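**Q**
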Amino acid sequence: MRNFDLAFFDLETTGLSFDADIIEMAVILVDHESFNIVEEWSAKVKPKDISKADPQALAVNCYNEAEWADALEIKPALEIFLQKTSNKVLVGHNLPMDWMWLNRALFENKLLESMKFASGQFYYQGFDTASLAYSKLRNVVGIEKFSLEELSQYFGIQRARSHRAMDDARATYELFVKLLNF
1 MRNFDLAFFD LETTGLSFDA DIIEMAVILV DHESFNIVEE WSAKVKPKDI SKADPQALAV
61 NCYNEAEWAD ALEIKPALEI FLQKTSNKVL VGHNLPMDWM WLNRALFENK LLESMKFASG
121 QFYYQGFDTA SLAYSKLRNV VGIEKFSLEE LSQYFGIQRA RSHRAMDDAR ATYELFVKLL
181 NF
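Quick note on full-length UniProt numbering: the sequence shown kicks off at 1 and runs consecutively.
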């Protein structure tokens with residue numbers, strides 16, 4: 001794990017339920033020694049069934065058909081994601097949520113079975129910045145939810161568009177660096 005670069009990622013979905021569709025994904029690749037950003041990638045993803053989407057989730061994620069007209073199908077988006085995150089440790093804020101949707105999508109697209117963890121695909125362990133923040137800031141008055149929004153405000157991390165995958169991946173990266181130096 002020590003020699004793996006980091007992949008800060010975020011997914012946006014059509015809701016909070018297990019069967020929600022991924023509609024946007026982003027990855028920021030970071031060198032494990034310098035913590036410098038090496039590459040950024042994001043993609044809008046076509047939902048499988050927009051009729052099942054939670055309207056509130058679509059509003060929060062700024063989803064509209066016109067902006068998603070050129071979105072990728074889920075399988076090609078996942079294949080690019082896997083290529084980008086090969087031999088990387090995934091880092092996310094509230095990682096179990098995104099990991100759940102990611103694993104479900106990989107399984108449904110027959111990409112999970114072919115993965116060889118720590119040998120050609122992302123490392124099987126990940127870092128959760130929400131857990132890291134809790135371990136360092138649990139006694140700080142005013143921090144209650146340990147949400148990305150709340151922690152970004154606490155550390156002065158500028159956010160252009162929260163609940164957009166790239167903005168949240170960037171905020172997660174900046175939060176991780178701030179927490180390491182806290």
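Yeah, the Cβ is synthetic: ideal placement off N, Cα and C, and Gly gets one too.
Bear in mind the structure is a predicted one, so any value in this text is a computation, not a measurement.
Quick one, are the C-beta atoms of Thr13 and Ile23 less than 8 Å apart?
**A** Counted from its first residue, the sequence shown places residue 13 at position 13. Counted from its first residue, the sequence shown places residue 23 at position 23. For Thr13 and Ile23, yes; Cβs fall inside 8 Å.
**Q** Under a Cβ-count criterion, where at least 16 other Cβ atoms within 10 Å of its own Cβ denotes burial, should Gly92 be classed as buried or exposed?
**A** The count along the sequence shown starts at 1 and reaches residue 92 at position 92. With 16 or more other Cβ atoms within 10 Å, it is buried.
**Q** With Arg104 and Phe18 assumed to form a contact (beta carbons below 8 Å), what rounded beta-carbon distance in angstroms separates them?
**A** Numbered from 1 along the sequence shown, position 104 holds the residue referred to as residue 104. Numbered from 1 along the sequence shown, position 18 holds the residue referred to as residue 18. With 8 Å as the limit, Arg104 and Phe18 qualify as a contact, their Cβ atoms being about 7 Å apart.
**Q** Determine the burial state of Pro96: buried for a count of at least 16 other Cβ atoms within 10 Å of its Cβ, exposed for fewer.
**A** Position 96 of the sequence shown, counting from 1, holds the residue named residue 96. Classification for Pro96: exposed.
**Q** Let me check understanding here. Comparing Cα to Cα, which of Asn3, Phe4, Arg2, Asp10 lies closest to Asp128?
**A** Taking the first residue of the sequence shown as position 1, residue 128 is located at position 128. Nearest of Asn3, Phe4, Arg2, Asp10 to Asp128, Cα basis: Asp10.
**Q** Could you work out which residue in Val60, Val45, Lys52 is closest to Ala69 when comparing CA atoms only?
**A** Here residue 69 corresponds to residue number 69 of the sequence shown, with the count starting at 1. Of the candidates Val60, Val45, Lys52, the one whose C-alpha sits nearest the C-alpha of Ala69 is Val45.
**Q** Taking C-beta to C-beta, are Ala7 and Lys88 nearer than 8 Å?
**A** Here residue 7 is taken as the residue at index 7 of the sequence shown, counted from 1. Here residue 88 is taken as the residue at index 88 of the sequence shown, counted from 1. Yes, Cβ-Cβ distance for Ala7 and Lys88 is below 8 Å.
**Q** Would you check if the distance between the CB atom of Asp49 and the CB atom of Asp31 is smaller than 8 Å?
**A** For this step, residue 49 is matched to residue 49 along the sequence shown. For this step, residue 31 is matched to residue 31 along the sequence shown. Cβ distance not < 8 Å, so Asp49 and Asp31 don't count as in contact.
**Q** Going by C-alpha to C-alpha distance, which of Leu132, Trp101, Thr85, Lys75 sits closest to Asn109?
**A** If you number the sequence shown from 1, residue 109 lands on position 109. With distances taken between Cα atoms, Asn109 lies closest to Lys75.
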